[in-house]
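A short worksheet on the structure shown next.
Numbering (the working numbering), first residue to last: 2 to 505.
Okay, here's the thing in structure tokens:
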């Protein structure tokens, strides 16, 4: 940890500037990089025992200030007690307890009254509902059942048991109505409450629906949403907790962790809740994933020569080796030997000059892109589109439509797309602006030789973008290629094939 503190902390957005389409200062993400680096630098403060001790005391004091006389917590100072916020606080403290890190007596003293508070809340809710009409336990009840299982040593009062058992029955009857994250929490809770038949039934269903992918890891396809139970990161952490609780094969658990790491490779986790959930999942098996126990070698098979990386970061294990001369086809083959239990990944970049017209479309990448150019016309039926191919000729004044199709195989953040424009074409829309289409928000910027698209977040799926140009003067022009790249992980990038235009 001491060596980690000495490492120069750089945001992933700031790394490998020479491999990216644009300089960071030309993108909308400069503040994101500064914020990430600040957060990384602050991590070193947690190596100072005095700082950690003071922080724990401050946090305990803040929690006490937020706790109401009835044991509930408010969301903000001076606010009223909130059922979900109280359960979230208890969930966080309960996970610390599971990890054996709950040593602060001030925090321990908060627990009992807060647990009693959530017991009283479900009792009040139980008395209020119409038992003849009530057929579904909502998300707060499900979350209560999971959180309460973290504190089984605190007895449930006799007068609360009717409500507890009633909702337990509803949860058992209606478990198929919940999404996979909620089902994971429910299976964990049933297991802890020794309701093993219910727990195992849900676990088997989740196991059968799990997608196993060698590249992405193990995951579940769920409909996106904006509620707490739609968080992909928290869901994956709950799955790791569940599969570990069920003593599943380690390869399945490693596949679940692989998905988390692959997600972090191309995304910035926006909330402390998601990050804390992921850290908790890895801490459950900290001896296997957080400590390097073997050597990783990268060899050139042609001569079995080991590649030695320069200035390897202790904190991240990141290193880089550049070859400026002596480049041949043998460098395109690498042999990786990983003798540790931990996952590692890397990328090889080949940069060279080529005529734009000769560039072929890049296939086999998480980001896939194609580009078409059309001449717009009008007939009796309205607007027509004629695709511009090698033998087609444009006339000055013709209106041209560019269509870009993008395929993304996983959620990604900080994506930049650059569409080159031939010198014989001029854009109709020259104002840079934020746009929104098909559930995707992005910033479109028109510059001298290309149009740029900046996506803060792109969900898995297919997207089509169109914009118009007009032919301005005669000649033969290369219209260039369209390139796309993850600014977080530049190894994830693609480009279309080159297009040539004739204007007469």
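Yeah, the Cβ is synthetic: ideal placement off N, Cα and C, and Gly gets one too. Keep in mind it's a predicted model, so treat the numbers as computed, not measured.
Item, Value
"Does residue 361 come out as helix, strand or coil in the three-state DSSP assignment?", "coil"
"Please report how far the alpha carbon of residue 501 lies from the alpha carbon of residue 368, in whole angstroms.", "24 Å"
"Please list the terminal residues of the continuous beta strand (DSSP E) segment that includes residue 496.", "494-496"
"What's the C-alpha gap between residue 415 and residue 169?", "43 Å"
"Between the alpha carbons of residue 154 and residue 59, how many angstroms are there, rounded?", "27 Å"
"Closer than 8 Å is the cut-off here; do at least three beta carbon pairs connect the region 190-203 with the region 159-168?", "no"
"State yes or no: is the C-beta of residue 467 within less than 7 Å of the C-beta of residue 404?", "yes"
"DSSP three-state call for residue 132: helix, strand or coil?", "coil"
"Over the uninterrupted beta strand (DSSP E) stretch that includes residue 373, give me the two end residues.", "368-380"
"Just the Cα atoms here: how many angstroms apart are residue 89 and residue 69?", "15 Å"
"Specify, as a first and last residue, the run of the alpha helix (DSSP H) that residue 214 falls within.", "Looking at the DSSP string, residue 214 is not in any alpha helix (DSSP H); the run it does join, the beta strand (DSSP E), is 212-214."
"Below 8 Å on the Cβ atoms is my guess for residue 252 versus residue 297; work out the distance and round it to an integer in Å.", "Actually they are not in contact, since the Cβ atoms of residue 252 and residue 297 sit about 19 Å apart, beyond 8 Å."
"By DSSP, does residue 326 sit in helix, in strand, or in coil?", "coil"
"Hey, residue 504 and residue 481 are a contact pair by Cβ (cut 8 Å); roughly how many whole angstroms apart?", "So it is not a contact: roughly 15 Å between Cβ atoms."
"Suppose only complete runs of 4+ residues qualify. What are the alpha helix (DSSP H) ranges in the region 67-149, listed by chain order?", "84-99, 106-129 and 140-149"
"What three-state label does DSSP hand residue 174 in the structure shown?", "helix"
"Answer yes or no: do residue 62 and residue 75 have a C-beta to C-beta separation smaller than 7 Å?", "no"
"Where in the region 213-295 do unbroken runs of the beta strand (DSSP E), each at least 3 residues long, occur, reported from the N-terminal end onward?", "218-220"
"By DSSP's criteria, residue 354 is part of a beta bridge. Which residues make up the other side?", "Residue 354 pairs with nothing; no bridge assigned."
"Does the region 91-101 come within contact of the region 223-240, defined as at least 3 CB pairs closer than 8 Å?", "no"
"Quick one: using the 10 Å Cβ neighbour count with 16 as the cut-off for buried, is residue 398 buried or exposed?", "exposed"
"Are there 16 or more other CB atoms within 10 angstroms of the CB of residue 205, so buried, or fewer, so exposed?", "exposed"
"Buried or exposed, going by whether 16 or more other CB atoms sit within 10 Å of the CB of residue 109?", "exposed"
"How many Å lie between residue 249 and residue 212 at the Cα?", "16 Å"
"Measuring only the C-alpha atoms, how far is residue 37 from residue 494?", "23 Å"
"Rounded to whole angstroms, what's the CA-CA distance from residue 150 to residue 39? Just pull it up for me.", "37 Å"
"By how many angstroms is the C-alpha of residue 228 removed from the C-alpha of residue 103?", "28 Å"
"Could you have a look at residue 450 and say whether DSSP puts it in helix, strand or coil?", "coil"
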